[in-house]
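Peer 1:
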Amino acid sequence: MPMPTILEVPDIGPVTLAISKRAKHLRITIKPDRTVRLTVPGGMADKKALQFLHSRIPWIKKHLLKFEQFESSAGSIRLPRINKARAGVVLIERLEELAELHNFRFNKVSIRNQKTKWGSCSAKDNISLNMNLVKLPAELRDYVILHELVHTRIKNHSKKFWAELDRCIGGSAKKLSRMLKKYRLGL
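Residue numbers (this note's numbering): -19 to 167.
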């Protein structure tokens, strides 16, 4: 008999079950809003998936607690809502300024209301920026933008990447990365 789409797991709560034809391994994902998802490869026996889920309950509880502690920490700053069009003008203008200043090239830029990322850079050098960046202090906003611009040259987070980002930022990339963690996106 097939498993239901949502399983009620003691000590955890609801766990969304997702059967994927593309998945090759069982995977548990916990999102910042504390939703738990079990991805199961198509064709895998229900019993094996349930055994895996139950074997990972301590891990799930540990990570749920981390999200809870983060949300209740005094250093966590929640950002208010903003206008996407206004944010886009500010962010695109600053992206272009920093790209020119540091001699970076990017393909396209998009402004999005992402729930978990401040920004990203695709393999084709398309940069996506979170509209909530406009609510950050200017140095953190520039840090995120430069982080994505450096990814147009270096596609990973190697020592070379951090050295290049430090060069652009003035040697404070790791410090700014830690500061950014105090800010959270509207979940």
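Here a beta-carbon is modelled for each residue, glycine too, at the ideal position from N, C-alpha and C.
(1) Determine whether the beta carbon atoms of L160 and N112 lie at a separation below 9 Å.
(2) Given 8 Å as the limit, is there contact between the segment 61 to 77 and the segment 15 to 34, that is, 3 or more CB pairs closer than that?
(3) Could you give the DSSP three-state label for G68: helix, strand or coil?
(4) Taking L116 as part of the beta strand (DSSP E), name the residues at either end of that continuous run.
(5) So P21 packs on S0, CB below 8 Å; how close in whole Å?
(6) Which residue's Cα is closest to the Cα of H43: T96, T15 and N63?
(7) Check each candidate in N110, I91, A103 and K155 and name the one with the smallest Cα separation from K135.
(8) Would you call A54 buried or exposed, if buried means 16 or more other Cβ atoms sit within 10 Å of its Cβ?
(9) I'd like to check one pair, I10 with I40: are the Cβ atoms closer than 9 Å?
(10) According to DSSP, which residues form a beta bridge with T9?
(11) Quick check on the burial criterion: 16 or more other C-beta atoms within 10 angstroms. Buried or exposed for L81?
(12) Here's a check: name, in chain order, each residue in its chain whose Cβ is nearer than 7 Å to the Cβ of L116, leaving out the five neighbours to either side.
(13) With H, G and I counted as helix, E and B as strand and the rest as coil, what does DSSP make of S102?
(14) From the DSSP output, read off the bridge partner residues of A(-2).
(15) Tell me the rounded alpha-carbon separation between T(-15) and D26.
(16) May I have the straight-line CA-CA distance separating S108 from G99, to the nearest angstrom?
(17) Pick out whichever of V(-5), T132, K139 and R2 has its Cα sitting closest to the Cα of F86.
(18) Which residues in the same chain as E128 place their Cβ atom closer than 6 Å to its Cβ, once the five residues preceding and following it in sequence are excluded?
(19) Where does A65 land, buried or exposed, given buried means 16+ other C-beta within 10 angstroms?
(20) Would DSSP call L167 helix, strand or coil?
Peer 2: On the basis of the coordinates in this document:
(1) The residue labelled residue 160 in the question sits at position 180 within the sequence shown. The residue labelled residue 112 in the question sits at position 132 within the sequence shown. No. Outside cutoff.
(2) no
(3) Within the sequence shown, numbered from 1, the residue matching residue 68 stands at position 88. It is helical.
(4) Residue 116 sits at position 136 when you count from the first residue of the sequence shown. From DSSP, L116 is part of no beta strand (DSSP E); its letter is neither H nor E.
(5) Here residue 21 refers to the residue found at position 41 when the sequence shown is read from its first residue. Here residue 0 refers to the residue found at position 20 when the sequence shown is read from its first residue. In this structure P21 touches S0 by the C-beta definition: roughly 6 Å separates them, less than 8 Å.
(6) The count along the sequence shown starts at 1 and reaches residue 43 at position 63. For the set T96, T15 and N63, the Cα lying nearest the Cα of H43 is the one of T15.
(7) Residue 135 sits at position 155 when you count from the first residue of the sequence shown. Checking every option, the nearest Cα to that of K135 belongs to A103.
(8) Looking up residue 54 in the sequence shown gives position 74. Low confidence applies to A54: its pLDDT is 41, below 50, so where it sits in the model is not reliable, and the reading given next is rough at best. Exposed, because fewer than 16 other Cβ atoms sit within 10 Å of the Cβ of A54.
(9) Within the sequence shown, the letter at position 60 stands for residue 40. Within the sequence shown, the letter at position 30 stands for residue 10. Yes; because the gap between Cβ atoms is below 9 Å, this pair is in contact.
(10) Residue mapping note: residue 9 aligns to position 29 of the sequence shown, counting from 1. In the DSSP output, where bridge partners are listed per residue, T9 has R17.
(11) In the sequence shown, counting from the first residue as 1, residue 81 sits at position 101. With fewer than 16 other Cβ atoms within 10 Å, it is exposed.
(12) For this step, residue 116 is matched to residue 136 along the sequence shown. Only Y163 meet the Cβ criterion.
(13) In the sequence shown, counting from the first residue as 1, residue 102 sits at position 122. DSSP places S102 in the coil class of the three-state scheme, outside both helix and strand.
(14) Within the sequence shown, residue -2 is the residue found at index 18, counting from 1. In the DSSP output, where bridge partners are listed per residue, A(-2) has T19.
(15) Counted from its first residue, the sequence shown places residue -15 at position 5. Counted from its first residue, the sequence shown places residue 26 at position 46. Their backbone Cα atoms lie some 12 Å apart in a straight line.
(16) Looking up residue 108 in the sequence shown gives position 128. Looking up residue 99 in the sequence shown gives position 119. Distance between the alpha carbons of S108 and G99 is about 5 Å.
(17) Walking along the sequence shown from the start, residue 86 turns up at place 106. Closest option to F86, Cα to Cα, is T132.
(18) Along the sequence shown, one-based indexing puts residue 128 at 148. Closer than 6 Å at Cβ, skipping near neighbours: G99, C101 and I107.
(19) Walking along the sequence shown from the start, residue 65 turns up at place 85. With fewer than 16 other beta carbons inside 10 angstroms of its own, A65 counts as exposed.
(20) Taking the sequence shown and counting its residues from 1, the one referred to as residue 167 is at position 187. Low confidence applies to L167: its pLDDT is 39, below 50, so where it sits in the model is not reliable enough to give any reading.
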